[in-house]
Structure formats: structure tokens, C-alpha cells
Amino acid sequence: MKIYKYYFLDIDKPITVEAKSKHTARKVLEQVCNESNFKEKGYILTNLLRETSETLVADVSVKETKTGQVIWDGRGWSKKTTNN
Numbered sequence: 380m381k382i383y384k385y386y387f388l389d390i391d392k393p394i395t396v397e398a399k400s401k402h403t404a405r406k407v408l409e410q411v412c413n414e415s416n417f418k419e420k421g422y423i424l425t426n427l428l429r430e431t432s433e434t435l436v437a438d439v440s441v442k443e444t445k446t447g448q449v450i451w452d453g454r455g456w457s458k459k460t461t462n463n
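Sequential numbering from 380 applies to the sequence shown in my numbering.
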């Protein structure tokens, strides 16, 4: 799993996509950029400046979700447990 960030001309906040491949991330980006509310904000593919990717490291990558914290275990996201 990787995190892809897409930066656009004159926009500070990138679009972030979590995907297993660059091809899948690009498909998601195209879908997002075709939504009218994103087009109005300037997220147009012709304005794409750069793309970065981050590889998640097992047992180090943690993120917050609606249901609590999850951790990347190398195979997928799982609920984070604490040892008390």
C-alpha cells in the first residue's frame, strides 16, 4: 500500500490517495477531478504539477479513522491494540 499525493498549480492542499498501485491511484484521481466541486476549486488534470508517493512501513504507519486508530501490518490496515 502506498500514499500518493497530487499537487496542482496555485493550490496549497494536494489530493491524497491511498492505493496499492500508481495505476489505481491515477484512476481515483481522474474520478475525483471529474467531480464538479473539485473542478471549481482548480483540481484539473492539466494543472497537475507533481506526484509523490510514500511507502507505508509495517507497525510504524498509524492513522486515525472514524472507528479509532488503525495500524499498517504489511498486508493491510488493522485495528490498533494497546498492551496495558
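Beta carbons: idealized from backbone N, C-alpha and C, even for Gly.
The structure displayed is predicted, hence computed values, not measured ones.
query	result
Residues near L424 in its chain [Cβ-Cβ closer than 8 Å; skip 5 each side]	L408, E409 and C412
Complete alpha helix (DSSP H) runs within the region 380 to 415 (minimum length 4 residues, chain order)	401 to 412
Secondary structure of L424, DSSP reduced to three states	helix
Range covered by the beta strand (DSSP E) that runs through G447	G447 to W451
Which residues DSSP lists as bridging V441, in chain order	I450
K442 versus T395: straight-line alpha-carbon distance, rounded	14 Å
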